[in-house]
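Novice: Take a look at this one; I'll ask things after.
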Amino acid sequence: MAESSFYLGQDFARVVLSWSLGDILKEFEVNAIPLSFSSLKEYRSSYCPPLLEETRSELCSKIEYLSSAPFAKINTFCSSERFIDRHYDITFENWTESSNSLNKVPYEAKSGDVFVFTQAKPDQNFDIRRLGKSWCFGYTRKSKMVKQHRLDGSYIWVPHFEVSTSVELQEAVDVSQPFYAVFWVNLTTNNRIWNALLTCRSDHFIKEVLHINPTEDCKNCPAMKQTLEEKLSMTSYLNKSQCEAVAKCISKSVCDHKPSLELIWGPPGTGKTRTLSTLLVSLLRVKCRTLVCAPTNVAISEVASRVMKLVKESAKKLDEYGTQFCSFGDILIYGNINTSAYGFEDIYMNHRIKRLTDCFAPKNGWKHWFTSMQEFLENCVLLYKIFCAENDASDGNNHVENDTSFLQYARDRFIAISVPLRNCISTFCTHLPKTYVTEESFQDLLLLNASLNSLETFLFQANLVGKSLKAAFLLEEEGDSHPQVDTDMSPFLHFKSECIRHLKILLVSLYRLSLVAVNEKFCFNMASLIFCTASSSYKLSNVGIEPMRLLVIDEASQLKECESLIPLQVCGLKHVVLLGDECQLPAFVSSKVSAEAGFGKSLFQRLSILGHHRHLLDTQYRMHPNISNFPNAKFYQNRLIDSQLVKSETYEKCYIPSPLYGSYSFMNISCGKEVLSESHSWKNMEEVAVLLKILQLLYKACDAAKLKVTIGVISPYSAQVSEIRREIGQKYDNHEDFQVHIRSIDGFQGAEEDIIIISTVRSNQDGSIGFAFSPQRINVALTRARHCLWILGNEKTLSNSDSIWEELILNAKDRQCFFNADEDRDLQTVIMEAKKNKDKLDDTLNLDSAFMSRGGSRKTTWKVCFLFLIEICFYSNVLDNS
Numbered sequence: 001m002a003e004s005s006f007y008l009g010q011d012f013a014r015v016v017l018s019w020s021l022g023d024i025l026k027e028f029e030v031n032a033i034p035l036s037f038s039s040l041k042e043y044r045s046s047y048c049p050p051l052l053e054e055t056r057s058e059l060c061s062k063i064e065y066l067s068s069a070p071f072a073k074i075n076t077f078c079s080s081e082r083f084i085d086r087h088y089d090i091t092f093e094n095w096t097e098s099s100n101s102l103n104k105v106p107y108e109a110k111s112g113d114v115f116v117f118t119q120a121k122p123d124q125n126f127d128i129r130r131l132g133k134s135w136c137f138g139y140t141r142k143s144k145m146v147k148q149h150r151l152d153g154s155y156i157w158v159p160h161f162e163v164s165t166s167v168e169l170q171e172a173v174d175v176s177q178p179f180y181a182v183f184w185v186n187l188t189t190n191n192r193i194w195n196a197l198l199t200c201r202s203d204h205f206i207k208e209v210l211h212i213n214p215t216e217d218c219k220n221c222p223a224m225k226q227t228l229e230e231k232l233s234m235t236s237y238l239n240k241s242q243c244e245a246v247a248k249c250i251s252k253s254v255c256d257h258k259p260s261l262e263l264i265w266g267p268p269g270t271g272k273t274r275t276l277s278t279l280l281v282s283l284l285r286v287k288c289r290t291l292v293c294a295p296t297n298v299a300i301s302e303v304a305s306r307v308m309k310l311v312k313e314s315a316k317k318l319d320e321y322g323t324q325f326c327s328f329g330d331i332l333i334y335g336n337i338n339t340s341a342y343g344f345e346d347i348y349m350n351h352r353i354k355r356l357t358d359c360f361a362p363k364n365g366w367k368h369w370f371t372s373m374q375e376f377l378e379n380c381v382l383l384y385k386i387f388c389a390e391n392d393a394s395d396g397n398n399h400v401e402n403d404t405s406f407l408q409y410a411r412d413r414f415i416a417i418s419v420p421l422r423n424c425i426s427t428f429c430t431h432l433p434k435t436y437v438t439e440e441s442f443q444d445l446l447l448l449n450a451s452l453n454s455l456e457t458f459l460f461q462a463n464l465v466g467k468s469l470k471a472a473f474l475l476e477e478e479g480d481s482h483p484q485v486d487t488d489m490s491p492f493l494h495f496k497s498e499c500i501r502h503l504k505i506l507l508v509s510l511y512r513l514s515l516v517a518v519n520e521k522f523c524f525n526m527a528s529l530i531f532c533t534a535s536s537s538y539k540l541s542n543v544g545i546e547p548m549r550l551l552v553i554d555e556a557s558q559l560k561e562c563e564s565l566i567p568l569q570v571c572g573l574k575h576v577v578l579l580g581d582e583c584q585l586p587a588f589v590s591s592k593v594s595a596e597a598g599f600g601k602s603l604f605q606r607l608s609i610l611g612h613h614r615h616l617l618d619t620q621y622r623m624h625p626n627i628s629n630f631p632n633a634k635f636y637q638n639r640l641i642d643s644q645l646v647k648s649e650t651y652e653k654c655y656i657p658s659p660l661y662g663s664y665s666f667m668n669i670s671c672g673k674e675v676l677s678e679s680h681s682w683k684n685m686e687e688v689a690v691l692l693k694i695l696q697l698l699y700k701a702c703d704a705a706k707l708k709v710t711i712g713v714i715s716p717y718s719a720q721v722s723e724i725r726r727e728i729g730q731k732y733d734n735h736e737d738f739q740v741h742i743r744s745i746d747g748f749q750g751a752e753e754d755i756i757i758i759s760t761v762r763s764n765q766d767g768s769i770g771f772a773f774s775p776q777r778i779n780v781a782l783t784r785a786r787h788c789l790w791i792l793g794n795e796k797t798l799s800n801s802d803s804i805w806e807e808l809i810l811n812a813k814d815r816q817c818f819f820n821a822d823e824d825r826d827l828q829t830v831i832m833e834a835k836k837n838k839d840k841l842d843d844t845l846n847l848d849s850a851f852m853s854r855g856g857s858r859k860t861t862w863k864v865c866f867l868f869l870i871e872i873c874f875y876s877n878v879l880d881n882s
């Protein structure tokens, strides 16, 4: 590969599109990324090559999946006016999922997608390596909706895509004949990282964050005068280490003299999310504009939901009117978020824009409903007469005005106006910050809503008389200051008077809202606390919003350092807080070359290695002490303290009365056999059999004792996870009190269950355990359980692996937590049955071995033929002997 300086300043898409198939199939040479840098130029040149190698690896790894990728026929294409060559405006027909597709969600094309353009439709034999030069690939730069007119004069909106291609389309395909686009991979995040690297500003803040000539703490800012309790009123449920971390971050956030970067180290179960949510609510209260990022939508959703909960709880305590309104206008989340799963609608940008757009509509917006209600309350009798006259004119009948019809009219009219009016009040109180509408106006909105509720209650009394109501309206309308009405109508007159008063005040104080243009920029500028993924934060740099002050990155140890540059480019940032734990899984890196170069290393990890101070959250609330014992000693140097909760007698659970099923145990399955599956992942059927028996015993015991329990079944290998899921099927799906969750170790990061059962799978003579060797992966697996952790594995294989597993087994033996599974009668039986049920030919031929798995999509047919041949030979030999 060419020198990295050659690429600096080039367009990412053009660099990628310059590659041939040979370039994509061959690994690039990449130098190791250093721990510290002398300049921004060195920083850029260190990360650009591994980023390109990672991109190449992602393209290469997806080639074999093109046969099952979504595809679409090209509908129209023409050369784009924006670029000189190899750039097209393209429309597609409906996208088709291949018959062998594994996609659960229908594919929709978007910016950043890479397509293969070819005359051939994808099928089982589709392989671009055999297409020669009759294909090319393209990068989708932009998607847009374009109005397309129909012959009947109507029109529809059609998605158009601007695509740059590796060669001219006419050179790769016969454009006079049908040709297709096949989805390859999406490179949006890689493109954003590339742009962040190239636009990285050379100011003091970036140098500080990248640890280029780091500076000392600011000595100009006075120490916080307020006590911890005064400054952080919501920290009563935080422990000392959590309070110190929050206080330090807030005190740094007020400094205008020097940038700062704080690390909060949150080992498993130490309340990292609780600490973060308290910090964010505290920053929200002091109106510090804060951007909160995380690597994934799931991670950012977890934090946002916790913050919403705290804000709701606080608002509920302060609610004097029983309105149950909660102002979320200061909080915003955007991106590809599952709002229904987390209840995010009140802070989700798309929903907010829709609600505010409806509320600010010139004809049927808030102003219309406010004036309509005022007119109704001030002129109800007159409006009723007009209503009767209009009905007389429309149907020719002479409607008799009476007290009964007036009462029904007043009720109907009130509901017709009050429902949309209340919606507007709810929108104001929920989607606009109190500071934006002013605290006084916010209180008036609450009082108006309370007055409307009181009026509605009064109007719909069963014993309300229309004559009395009409007299109350009429005398008030005629300006009689002493209306001669029933004393029972006095509350009505009071509620009506209060309602009119608040309506008049709000029509004046909220007048400027009629002039607001509701769009993304408006929502961004209103919010003090913005949530999004690190990759999605690029949008904030493109819409020209008001400067942000503080950046908080959660799960920072799972984010590649170069990806963290995307939010670091947001305008105005002065301070950064990173929360993470480098002892758990890092970011996923596709390329082995880039991984070895340190491309997956996070900013959190690099700064930790360089000795940057970390605020350790030192008390764990999740694991029973028998479970936390080993990971605490091995990964955290015994710096973690077990809370009083986990040390209490009630925290120790005995679900099955046997030492084998205590709070912590290693179950040695020495006769297990590892098998390589068709997906080139390992499985172990003896461990599957033992696991199923344990679940059976566990269910029986919990059902008899009426216990509610959650179980996590985890393994490093996807084939084992699939096999366990297949064997269990839907057996426990309908049991709310006995929930079983089966996932890979990587998929379980951040989760916790009452009981965790780990299937380590590997069982061989040479101690080979593959990526189960990873210390971070082992740490994740060992720290998911609350009450019980049971590990299934082959003692000899794991002990010979020259890994942490060896220490774990020795530790288990020292603590008398090591057991041989075949010494237990129940487990011995299922192990023997599992071995007995194995097909003899499968044992002899090892059909799932790497050698027998050759043949790609034809391997199943090959195996059947081979088995048939062996069977003929076998029976021929039997007949000869007989």
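Residue numbering for the sequence shown follows full-length UniProt numbering, starting at 1 and increasing by one per position. Each residue gets a CB set at the ideal place from its N, CA and C atoms; glycine is no exception. Given the structure is predicted, the values throughout are model-derived calculations rather than measurements.
If you draw a straight line from the C-alpha of Arg150 to the C-alpha of Gly329, how long is it?
Specialist: If you take the alpha carbons of Arg150 and Gly329, they lie about 42 Å apart.
Novice: Going by CA-CA distance only, name the one from Leu377, Glu302, Thr357 that's closest to Ala341.
Specialist: Of Leu377, Glu302, Thr357, the residue nearest in Cα terms is Glu302.
Novice: Around the Cβ of Gly343, are there at least 16 other Cβ atoms within 10 angstroms (buried) or fewer (exposed)?
Specialist: Exposed.
Novice: Comparing C-alpha positions only, which one of Cys288, Leu238, Ala247, Ser282 sits nearest to Asp256?
Specialist: For Asp256, the nearest C-alpha among the options comes from Cys288.
Novice: Nearest by alpha-carbon distance to Gly662: which of Leu382, Lys316, Trp790, Ala471 is it?
Specialist: Answer by Cα proximity: Trp790.
Novice: With 16 other CB atoms within 10 Å as the buried threshold, where does Cys380 fall?
Specialist: By the 10 Å Cβ count, Cys380 comes out buried.
Novice: So if DSSP puts Gly793 in a beta bridge, which residue, or which two residues, is it bridged to?
Specialist: DSSP, once it has assigned bridges, lists Asn668 as partnering Gly793.
Novice: I need the boundaries of the beta strand (DSSP E) containing Trp265, first residue and last residue.
Specialist: Element bounds for Trp265: 260-265.
Novice: Closest to Ile141 by CA distance: which of Asp11, Asn638, Glu27 is it?
Specialist: Sequence check: residue 141 is Arg here, not Ile. With distances taken between Cα atoms, Arg141 lies closest to Asp11.
Novice: May I ask you to report which of helix, strand or coil DSSP gives Lys367?
Specialist: Lys367: helix per DSSP, three-state reduction.
Novice: Look at the alpha carbon of Glu546 and the alpha carbon of Val740, and state the distance between them as a whole number of angstroms.
Specialist: Straight-line Cα distance between these residues: approximately 47 Å.
Novice: Within its chain, find whatever has a CB closer than 8 Å to the CB of Ile804; leave out the 5 residues flanking it on each side and keep chain order.
Specialist: Only Lys634, Pro775, Ile778 meet the Cβ criterion.
Novice: Rounding to the nearest angstrom, what Cα-Cα distance links Pro491 and Ile156 in this structure?
Specialist: Going by the C-alpha atoms only, they are around 55 Å apart.
Novice: Roughly how many angstroms lie between the CA atoms of Ile711 and Ala705, to the nearest whole one?
Specialist: Distance between the alpha carbons of Ile711 and Ala705 is about 16 Å.
Novice: With a CB to CB cut of under 6 Å and the five nearest residues on each side skipped, what residues in its chain are close to Lys653?
Specialist: These residues qualify, in order along the chain: His787.
Novice: Taking C-beta to C-beta, are Asn75 and Thr91 nearer than 8 Å?
Specialist: In contact: Asn75 and Thr91 (Cβ atoms closer than 8 Å).
Novice: Determine whether the Cβ of Gln242 lies closer than 8 Å to any Cβ atom of chain B.
Specialist: This model lacks chain B altogether, as it is built from one protein chain only.
Novice: Residue range of the alpha helix (DSSP H) that Glu727 falls in?
Specialist: Unbroken alpha helix (DSSP H) run through Glu727: 718-728.
Novice: For a quick check, are the C-beta atoms of His502 and Asp444 less than 8 Å apart?
Specialist: It is a contact, given that the beta carbons lie within the stated cut-off.
Novice: Would you please state the rounded distance, in angstroms, between the beta carbons of residue 886 and Thr165? I believe it to be under 8 Å.
Specialist: Residue 886 falls outside the range modelled here, since the chain spans only 1 to 882, and no answer is possible.
Novice: How close, in whole Å, do the beta carbons of Leu617 and Lys133 come, if the pair is a contact with beta carbons under 8 Å?
Specialist: Not really, about 58 Å apart at Cβ, beyond 8 Å.
Novice: Do Phe115 and Val182 count as a contact pair if the criterion is CB distance below 8 Å?
Specialist: The answer is yes: Cβ separation under 8 Å.
Novice: Would you mind listing the beta strand (DSSP E) stretches within the segment 522-564 that are 3+ residues and don't spill past its ends, in chain order?
Specialist: Complete beta strand (DSSP E) runs here, min 3: 529-533, 550-553.
Novice: Based on the DSSP output, what are the partners of Gly712 in its beta bridges?
Specialist: Partner(s): His741, Ile756.
Novice: When you compare each of Arg306, Leu356, Val292 to Glu335 by their alpha carbons, which one comes out closest?
Specialist: One point to set straight first is that residue 335 is Gly, not Glu, in the sequence displayed. The shortest Cα separation from Gly335 among Arg306, Leu356, Val292 belongs to Val292.
Novice: For a test of the three-state rule: what should DSSP assign to Ile333, helix, strand or coil?
Specialist: Strand, per DSSP.
Novice: For the candidate residues His87, Phe126, Ala13, whose alpha-carbon lies nearest to that of Tyr65?
Specialist: The candidate whose alpha carbon is nearest that of Tyr65 is Phe126.
Novice: I want to check one thing, is the minimum distance from the CB of Ala341 to the heavy atoms of the ligand NAD below 7 Å?
Specialist: In the structure shown, the ligand NAD is absent, as is every other ligand, since no ligand is present at all.
Novice: Can you give the beta carbon distance from Leu607 to Leu263, rounded, assuming they're within the 8 Å contact cut?
Specialist: Rounded, the Cβ-Cβ distance is 6 Å, consistent with contact.
Novice: Less than 8 Å between the CB atoms is what I'm expecting for Cys532 and Ile333, so what's the real figure, rounded?
Specialist: Their Cβ separation, rounded to whole angstroms, is 7 Å, which keeps Cys532 and Ile333 in contact under 8 Å.
Novice: Would you report the Cα separation of Leu578 and Thr118, rounded to the nearest angstrom?
Specialist: Answer to the nearest angstrom: the Cα atoms are 46 Å apart.
Novice: By the 10 Å Cβ neighbour count, where 16 or more other Cβ atoms means buried, how is Ser849 classified, buried or exposed?
Specialist: With a pLDDT of 47 at Ser849, under the threshold of 50, the predicted position of this residue should be treated as unreliable, though the coordinate-derived value follows. Exposed, because fewer than 16 other Cβ atoms sit within 10 Å of the Cβ of Ser849.
Novice: My understanding is that Glu687 touches Ile669, with C-beta atoms under 8 Å, so please give their C-beta distance in whole angstroms.
Specialist: With 8 Å as the limit, Glu687 and Ile669 qualify as a contact, their Cβ atoms being about 6 Å apart.
Novice: Classify Lys367 as buried or exposed, calling it buried when 16 or more other Cβ atoms lie within 10 Å of its own Cβ.
Specialist: So Lys367 counts as buried.
Novice: When the Cα of Met145 is compared with those of Gly153, Ser154, Cys136, Val158, which residue comes out closest?
Specialist: Comparing Cα positions, the closest option is Val158.
Novice: Take Met349 as the anchor and find which of Glu93, Leu448, Asn519 has the nearest alpha-carbon.
Specialist: When only C-alpha atoms are compared, the closest one is Asn519.
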